[in-house]
Amino acid sequence: MNAAVAMAGIQKAFGGVPVLRGITLEVAPGSILGLVGENGAGKSTLMNILGGNVQPDAGSISVGGQPFSPRTPADARTAGIAFVHQELTLFGNLTIAENLHLTRFPRRWGLPWIDRRASVRQAADLLARVGLSQRADMLVERLTAGERQLVEIARAIGAQARVLILDEPTTSLGAVERGRLLSLLRELQDAGLAIIFISHELSEVLQICDSVVVLRDGQVAGTGSASTFSVQSLVALMVGREVRQLYPPVRAPGNQEPLLEVRRLGEPSVAHEISLTLHRGEMLGVFGLMGAGRSELARMLFGLDRHTSGDVLLEGRPLSGGPAQRIRRGLAFVTEDRRQDGLCLEAPVADNMTLVHLAALTRTPLRLIDRAALRAEVARMSTDVRLTRAAPHLPAGRLSGGNQQKVILAKWLLRPPRVLILDEPTRGIDVGARGEIYELLHRLADTGTGVLVISSELEELTGICDRILVMRQGEIGGEFPRDRFVREDLLRAALPVRVSG
Ligand SMILES: Nc1ncnc2c1ncn2[C@@H]1O[C@H](COP(=O)(O)OP(=O)(O)OP(=O)(O)O)[C@@H](O)[C@H]1O
Ligand SMILES: [Mg+2]
94 MNAAVAMAGI
104 QKAFGGVPVL
114 RGITLEVAPG
124 SILGLVGENG
134 AGKSTLMNIL
144 GGNVQPDAGS
154 ISVGGQPFSP
164 RTPADARTAG
174 IAFVHQELTL
184 FGNLTIAENL
194 HLTRFPRRWG
204 LPWIDRRASV
214 RQAADLLARV
224 GLSQRADMLV
234 ERLTAGERQL
244 VEIARAIGAQ
254 ARVLILDEPT
264 TSLGAVERGR
274 LLSLLRELQD
284 AGLAIIFISH
294 ELSEVLQICD
304 SVVVLRDGQV
314 AGTGSASTFS
324 VQSLVALMVG
334 REVRQLYPPV
344 RAPGNQEPLL
354 EVRRLGEPSV
364 AHEISLTLHR
374 GEMLGVFGLM
384 GAGRSELARM
394 LFGLDRHTSG
404 DVLLEGRPLS
414 GGPAQRIRRG
424 LAFVTEDRRQ
434 DGLCLEAPVA
444 DNMTLVHLAA
454 LTRTPLRLID
464 RAALRAEVAR
474 MSTDVRLTRA
484 APHLPAGRLS
494 GGNQQKVILA
504 KWLLRPPRVL
514 ILDEPTRGID
524 VGARGEIYEL
534 LHRLADTGTG
544 VLVISSELEE
554 LTGICDRILV
564 MRQGEIGGEF
574 PRDRFVREDL
584 LRAALPVRVS
594 G
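All residue numbers for the sequence shown refer to my numbering, where the first residue is 94 and numbers rise by one.
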């Protein structure tokens, strides 16, 4: 049988730097291929070539046995290739239904105007398939990152493609949504689709994929049936060496001096009387399911969203005003949606890292900045987060997805904040760099910074935190010190409370 997709000898360089150095791979109809590799290995670039977004320098592609050389994304769509990009591409000011049908609105009797009712109905069907409960006429800008990811997946599924490319489709999803997506992929596979699945969650890859291709530095480092690999062996192929323990050794608990105190914080339908204390030098985790209100809490603490009642104290003094004021008081926030809130994509990496600190740096009497020192700090931070290959003068938008996330982390870690809030900090970051980021956070906490980590990955939280709070339905539903980190208990505390009667 013809392969659904065959790529052979694909090469690509950007500005003379080779990124893909002769890649060959095949996907059969009705099968799922996992594509893994470190940040910057070339996964997205390879898929962008298949999707018509990037032109290769050499190599050939065939789809369903026919030679295929897409010049534009529209060419790829016509050939039956649907693509869920790593960075979401939805329009915030359009509704869910409009986003779903942008390239092919339903028409009435073939006439050139749009059948709006059919549009909303079809959209509702697609949303039900991915398990999103929002109404199809809701504006996309009102959705969370996870909900947007589901809309993006719904759009690709609605394209009725024969090849489906998913570039890190689960980065913003909670455990429940992930599970549902994986079973949906199995259904599509049974219906004969060929699926290419990119993820840094290697256990997820081994669970869902039939075969795996490992990229390292733009070359195929290994390939074979998924059953012949383990997470360990994948990591070794990706990184080119054995990786030791992912999580750092357990830290000695810090002192119990309160740093950030949240008292009865409330906002209708978002937060209900949330009280918590983050101590100096503490690693505090916040676990919860999608929609539990964790990101909303973080945004309120950072002054991005308002709250109607309650207050927040930093070192005993009320914290007020917007983000700029709070940054001056020593707060830092790594958001879950890096494209929207995190980076200035046109600006060089080095500027992105230093921008937030300039105000502080120029408050000296002469308003001078020590540029040489700044450059040295940028270089040091880049090494710390393993951003070695990215030249500091490259626009941030040119970096791979995971490397962009590292720039955001580096930006906030450049000058240790008093309180660091992180929302899903390691999503999209490869396992090699993850371990180093965890160590970095521990070192930061050891200097007295209070670190509040929001994550949907329980293992990540139990691996690095001193204490974990569980949120559900806009409330704190449980508190667990390290000696009570029991997976089942934490999960149970996250489940919604059933209303009786
Ligand atoms: N338009 C571009 N100009 C310059 N360099 C680019 C461009 N697009 C990608 N690159 C570089 O190509 C390399 C591969 O990037 P790619 O996005 O394919 O990595 P990836 O494997 O998808 O990584 P991640 O896991 O972080 O998403 C990176 O070093 C990146 O900086
Ligand atoms: Mg990528």
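From the three backbone atoms N, C-alpha and C, an ideal C-beta is built for every residue, glycine too. In this text, all values refer to a predicted model and were calculated from it rather than measured experimentally.
Could you tell me whether the region 114–127 touches the region 311–320, where touching means 3 or more Cβ pairs closer than 8 Å?
Between the region 114–127 and the region 311–320 there are three or more C-beta pairs closer than 8 Å, enough to call the two in contact.
With which residues is residue 188 paired in a DSSP beta bridge?
Per the DSSP secondary-structure output, residue 188 pairs in a beta bridge with 232.
Just the Cα atoms here: how many angstroms apart are residue 523 and residue 495?
For the pair residue 523 and residue 495, the Cα-to-Cα distance works out to about 7 Å.
DSSP three-state label for residue 316, please.
Residue 316: strand per DSSP, three-state reduction.
Quick check on DSSP: helix, strand or coil for residue 102?
Here residue 102 sits in strand by DSSP.
Any non-hydrogen atom of ligand 1 closer than 8 Å to residue 293 Cβ:
In this structure, residue 293 has its beta carbon less than 8 Å from a heavy atom of ligand 1.
Supposed contact pair residue 511 and residue 424 - C-beta distance, whole angstroms, cut 8 Å
So it is a contact: roughly 7 Å between Cβ atoms.
contact_flag[the region 411–421, the region 466–475] where n(CB pairs < 8 Å) is 3 or more
Counting Cβ pairs under 8 Å, fewer than three are found: no touch.
Please classify residue 572: is it buried, with 16 or more other beta-carbons within 10 angstroms of its beta-carbon, or exposed?
Counting Cβ neighbours within 10 Å, residue 572 comes out exposed, since fewer than 16 surround it.
Measuring from the CB of residue 260, is there a heavy atom of ligand 2 at a distance below 8 Å?
Yes, the Cβ of residue 260 comes within 8 Å of a heavy atom of ligand 2.
Classify residue 593: buried if its beta carbon has 16 or more other beta carbons within 10 angstroms, exposed otherwise.
Unreliable placement is indicated for residue 593, whose pLDDT of 49 sits below 50; the coordinate value is still reported in the next sentence. Residue 593 sits exposed, since fewer than 16 C-beta atoms from the chains shown fall within 10 Å of its C-beta.
Using alpha carbons as the reference points, say which of 283, 349, 280, 289 lies closest to residue 373.
Nearest of 283, 349, 280, 289 to residue 373, Cα basis: 349.
Closest to residue 589 by C-alpha separation, out of 271, 383, 404, would be which residue?
In terms of CA proximity to residue 589, 383 leads the group 271, 383, 404.
Beta-ladder partner(s) of residue 304, from DSSP:
Partner(s): 126, 318.
Three CB pairs or more closer than 8 Å across the region 97–107 and the region 272–283:
Below 8 Å, too few C-beta pairs join the region 97–107 and the region 272–283 to call them touching: fewer than three.
Just list the beta strand (DSSP E) runs in the region 242–314, keeping only unbroken ones of 3 residues or longer that don't cross its boundaries, in chain order.
Counting only unbroken stretches of 3 or more residues, the beta strand (DSSP E) elements lying wholly within the region 242–314 are 256–260, 287–291, 304–309, in sequence order.
Nearest-angstrom Cβ-Cβ length linking residue 487 and residue 518, presumed shorter than 8 Å
Your pair residue 487 and residue 518 does not check out as a contact, with CB atoms roughly 22 Å apart and the cut at 8 Å.
Backbone CA spacing between residue 402 and residue 361 [nearest angstrom]
Spanning the alpha carbons of residue 402 and residue 361 requires a straight line of approximately 9 Å.
I need the DSSP call for residue 450, collapsed to helix, strand or coil.
The answer is helix: DSSP assigns residue 450 an H, G or I state.
Are the region 175–185 and the region 238–250 touching, with three or more C-beta to C-beta distances below 8 Å?
Two segments are said to touch when three or more pairs of C-beta atoms, one from each, lie closer than 8 Å; by this definition the region 175–185 touches the region 238–250.
Is any non-hydrogen atom of ligand 2 found closer than 8 Å to the C-beta of residue 136, if you look at the structure I gave you?
Yes; taking the cut-off as 8 Å, the Cβ of residue 136 has a heavy atom of ligand 2 nearer than that.
Count the other CB atoms within 10 Å of the CB of residue 141; is the residue buried (16 or more) or exposed (fewer)?
Burial call: buried.
Proximity to residue 328 [Cα-Cα], best of 422, 450, 385, 526:
Per the Cα distances, 526.
Regarding residue 368 and ligand 2, is the C-beta to nearest heavy atom distance less than 8 Å?
No - ligand 2 has no heavy atom lying nearer than 8 Å to the Cβ of residue 368.
Is residue 494 near ligand 2, judged by its Cβ being under 8 Å from some heavy atom?
At least one heavy atom of ligand 2 is found less than 8 Å from the C-beta of residue 494.
Could you tell me how far apart the beta carbons of residue 484 and residue 438 are, in whole angstroms, since I believe they sit closer than 8 Å?
Your pair residue 484 and residue 438 does not check out as a contact, with CB atoms roughly 16 Å apart and the cut at 8 Å.
Tell me, please, which residues DSSP counts as bridged to residue 402.
Residue 402 is bridged by DSSP to 359.
If you draw a straight line from the alpha carbon of residue 219 to that of residue 248, how long is it in whole angstroms?
The straight-line gap from Cα to Cα measures roughly 8 Å.
In chain order, which continuous runs of the alpha helix (DSSP H) of length 4 or greater are located wholly inside the region 498–561?
Scanning the region 498–561 for uninterrupted alpha helix (DSSP H) segments of 4 residues or longer gives 524–539, 551–557, listed from N- to C-terminal end.
CA nearest to the CA of residue 534, picked from 344, 370, 399, 422
Residue 534 has its Cα closest to that of 344, out of 344, 370, 399, 422.
Take residue 505 and list the residues in its own chain whose beta-carbon comes closer than 8 Å to its own, dropping the five residues that flank it on each side.
Closer than 8 Å at the Cβ level, and outside the excluded window around residue 505, lie 425, 426, 427, 449, 513.
So, is residue 333 buried or exposed, given that buried needs 16 or more other C-beta atoms within 10 angstroms?
Label assigned to residue 333: exposed.
Length of the line joining the Cα atoms of residue 155 and residue 251
The C-alpha of residue 155 lies about 23 Å from the C-alpha of residue 251.
On the premise that residue 493 lies in contact with residue 133, defined as a C-beta separation below 8 Å, what is that separation, rounded to the nearest angstrom?
Yes, residue 133 and residue 493 are in contact; Cβ-Cβ is about 4 Å, under 8 Å.
Less than 8 Å separating the Cβ of residue 215 from some heavy atom of ligand 2?
The closest heavy atom of ligand 2 lies 8 Å or more from the beta carbon of residue 215.
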